[in-house]
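Numbering (my numbering), first residue to last: 1169 to 1716.
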């Protein structure tokens, strides 16, 4: 056990040091993506443990996903060759895209990159920043408190999974954003630090291991998943563990951010992450000549979408905001929400009505987008002072769904990412009649659980947290009605005893799942006090009732 822990620690240290080695993204340089013709790697596919963590290997095995050439790291020889060119700084390698990101103050260096015999093409992805920079908001949240996040959790029927102990425990999530200011100081997140569930940080923009400064958007996003305070708010998966990635540069909007996202996805894969939440999206850039067209959003073309699809193929569930362009000239979803394997999330209000700002589908290939929707208008998030305030955006509907999905992953650890994806869609209220506003509609996570339970054996839920069964009337007449929720297909039986412990009657109801309502016939009982015993598999509960 100790040796395994050492291997994992060294692996994470390697990634951390590698990330530190990435040079900060300077504003006076040209950034290029240099794509290679093929993979030249000294690693063999059968030596996967040299470039993937055991958790990443196990996650692939769970979904019968092969380790392929795409997983091989970029050759160090090629990195060294490019880095040795004059005025060239290496930033990071992208194994899924088979290339590297470099920068140089000299744009003519592009020709030198193209001259290398292993280079396929070179693309400029960021030009030097202009003198005018867009302002960065210091606080994106209205600072007033509307209480707990009850409505947004209840709309997707999450409380019952929490009651049964499915709160994201043992599930690893990666959050991609612009920074996580105050996550290390606000009490809403103290449990994450106390329990060592912030597993690591990667600032892809600056090239270091501190993703917390720079922006507060990621903090608000994380709160919808991980916040834990009965006085303020509780997120959808407060017991999950997290890697925090800064991929977004507030100072500019360029294609480089898509490559940053792709790099983060590769690191997340190597670390064995189960779910990526990205409340980011790309369509228009500062340099309009590099902006995407709607035709680019066909589910498989942009760099960030290709990276998101690749992450899904590695067994990761990728959840992304649909975008906030519903009232703008660009009204459609944004990349990577267009991805055919990306769970794109639209926004509603707490009553389930679509938000006007929520980006619409379909993607350019005609595929249904968004996939589902959740509360994003008037949504409760952590504000700039650590209280709970209301904000708007699919930035916050997406992590609510991602957190809820983490609870399903905990409940069904053998379920593939595709099974979780499809169960969430199939549980939604418009699944039989989807549209390009809501997608499949608002998910019902109890129903998603029941769908998964038809195929996978769920983990044992916490019996101490089981929802108590209800029975009525009491005092009873000729019948007693029982109502309860059963998360697993379980044989149900009822027996009635007198106070001497003698069984007077019993009924069996076969296997039941979901909302269970049964009628017990007690017409033969005399007036008096009795004990009703409900048996659910191996679990027994008893209630006292009076027969009139």
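A virtual CB, placed ideally from N, CA and C, is assigned to each residue, including glycine.
Within 9 Å, strictly: CB atoms of residue i and residue j
i: residue 1290; j: residue 1278; result: yes
i: residue 1263; j: residue 1238; result: yes
i: residue 1500; j: residue 1527; result: yes
i: residue 1523; j: residue 1544; result: yes
i: residue 1640; j: residue 1672; result: no
i: residue 1428; j: residue 1389; result: no
i: residue 1342; j: residue 1441; result: yes
i: residue 1383; j: residue 1431; result: no
i: residue 1208; j: residue 1251; result: no
i: residue 1370; j: residue 1411; result: yes
i: residue 1385; j: residue 1425; result: no
i: residue 1387; j: residue 1347; result: yes
i: residue 1718; j: residue 1561; result: The structure shown does not extend to residue 1718, since the chain is modelled only from 1169 to 1716, so the question has no answer here.
i: residue 1409; j: residue 1516; result: no
i: residue 1607; j: residue 1529; result: yes
i: residue 1477; j: residue 1525; result: no
i: residue 1407; j: residue 1482; result: no
i: residue 1474; j: residue 1265; result: yes
Coarse secondary structure for residue i, derived from DSSP in three states
i: residue 1598; result: coil
i: residue 1586; result: helix
i: residue 1399; result: coil
i: residue 1372; result: coil
i: residue 1249; result: helix
i: residue 1507; result: coil
i: residue 1687; result: strand
i: residue 1219; result: coil
i: residue 1207; result: coil
i: residue 1547; result: strand
i: residue 1326; result: coil
i: residue 1464; result: helix
i: residue 1236; result: coil
i: residue 1457; result: helix
i: residue 1486; result: strand
i: residue 1285; result: coil
i: residue 1569; result: helix
i: residue 1386; result: helix
i: residue 1577; result: helix
i: residue 1424; result: helix
i: residue 1471; result: helix
Other residues of its chain near residue i: CB distance less than 6 Å, five sequence neighbours each side excluded
i: residue 1571; result: 1393, 1403, 1404 and 1405
i: residue 1319; result: 1518
i: residue 1464; result: 1470
i: residue 1280; result: 1253
i: residue 1401; result: 1316, 1317, 1395, 1548 and 1556
i: residue 1271; result: 1197, 1199 and 1257
i: residue 1611; result: 1324, 1540, 1592, 1595 and 1596
i: residue 1658; result: 1704 and 1705
i: residue 1603; result: none
i: residue 1480; result: 1486 and 1509
Closest Cα partner of residue i within the set the options
i: residue 1660; options: 1295, 1645, 1687 and 1666; result: 1687
i: residue 1642; options: 1575, 1594, 1713 and 1663; result: 1713
i: residue 1335; options: 1700, 1217, 1473 and 1579; result: 1579
i: residue 1624; options: 1415, 1231 and 1207; result: 1231
i: residue 1582; options: 1226, 1603 and 1363; result: 1226
i: residue 1549; options: 1351, 1366, 1498 and 1585; result: 1351
i: residue 1276; options: 1261, 1295, 1260 and 1704; result: 1295
i: residue 1472; options: 1504, 1610 and 1521; result: 1504
i: residue 1216; options: 1487, 1677, 1603 and 1438; result: 1438
i: residue 1644; options: 1419, 1693 and 1575; result: 1693
i: residue 1282; options: 1605, 1249, 1606 and 1663; result: 1249
i: residue 1233; options: 1258, 1584 and 1495; result: 1584
i: residue 1247; options: 1481, 1603, 1260 and 1236; result: 1260
i: residue 1706; options: 1715, 1679, 1695 and 1716; result: 1679
i: residue 1676; options: 1669, 1666 and 1662; result: 1662
i: residue 1112; options: 1540, 1533, 1539 and 1565; result: What the structure shows of the chain is the stretch from 1169 to 1716, and residue 1112 is not part of that stretch, so it cannot be assessed.
i: residue 1554; options: 1612, 1496, 1399 and 1201; result: 1399
Sequence-distant residues of the same chain with beta carbon closer than 7 Å to residue i, five excluded per side
i: residue 1531; result: 1465, 1466, 1467, 1501, 1506 and 1537
i: residue 1535; result: 1467 and 1508
i: residue 1222; result: none
i: residue 1173; result: With a pLDDT of 40 at residue 1173, under the threshold of 50, the modelled position of this residue cannot be trusted, and the question is left open.
i: residue 1696; result: 1715
Cut-off 8 Å between Cβ atoms - residues of its own chain near residue i, not counting five sequence neighbours on either side
i: residue 1653; result: 1328, 1614, 1635, 1682, 1683 and 1684
i: residue 1422; result: 1199, 1293, 1294, 1295, 1453, 1454, 1455 and 1458
i: residue 1285; result: none
Residue i beta carbon near the ligand MG (any heavy atom closer than 8 Å)
i: residue 1600; result: This structure simply doesn't include the ligand MG, nor any ligand for that matter.
(message) Using 8 Å as the cut-off, can you tell me whether the region 1441 to 1449 makes contact with the region 1369 to 1383, which would need three or more C-beta pairs spanning the two stretches below that distance?
(response) Between the region 1441 to 1449 and the region 1369 to 1383, the count of Cβ pairs shorter than 8 Å is below three; the stretches do not touch.
(message) Would you call the region 1646 to 1656 in contact with the region 1668 to 1687, where contact means no fewer than 3 C-beta pairs closer than 8 Å?
(response) Counting Cβ pairs under 8 Å, three or more are found: they touch.
(request) Assess, as a yes-or-no matter, whether the region 1588 to 1597 is touched by the region 1610 to 1625 under the definition of 3 or more beta carbon pairs within less than 8 Å. (result) Yes, they touch.
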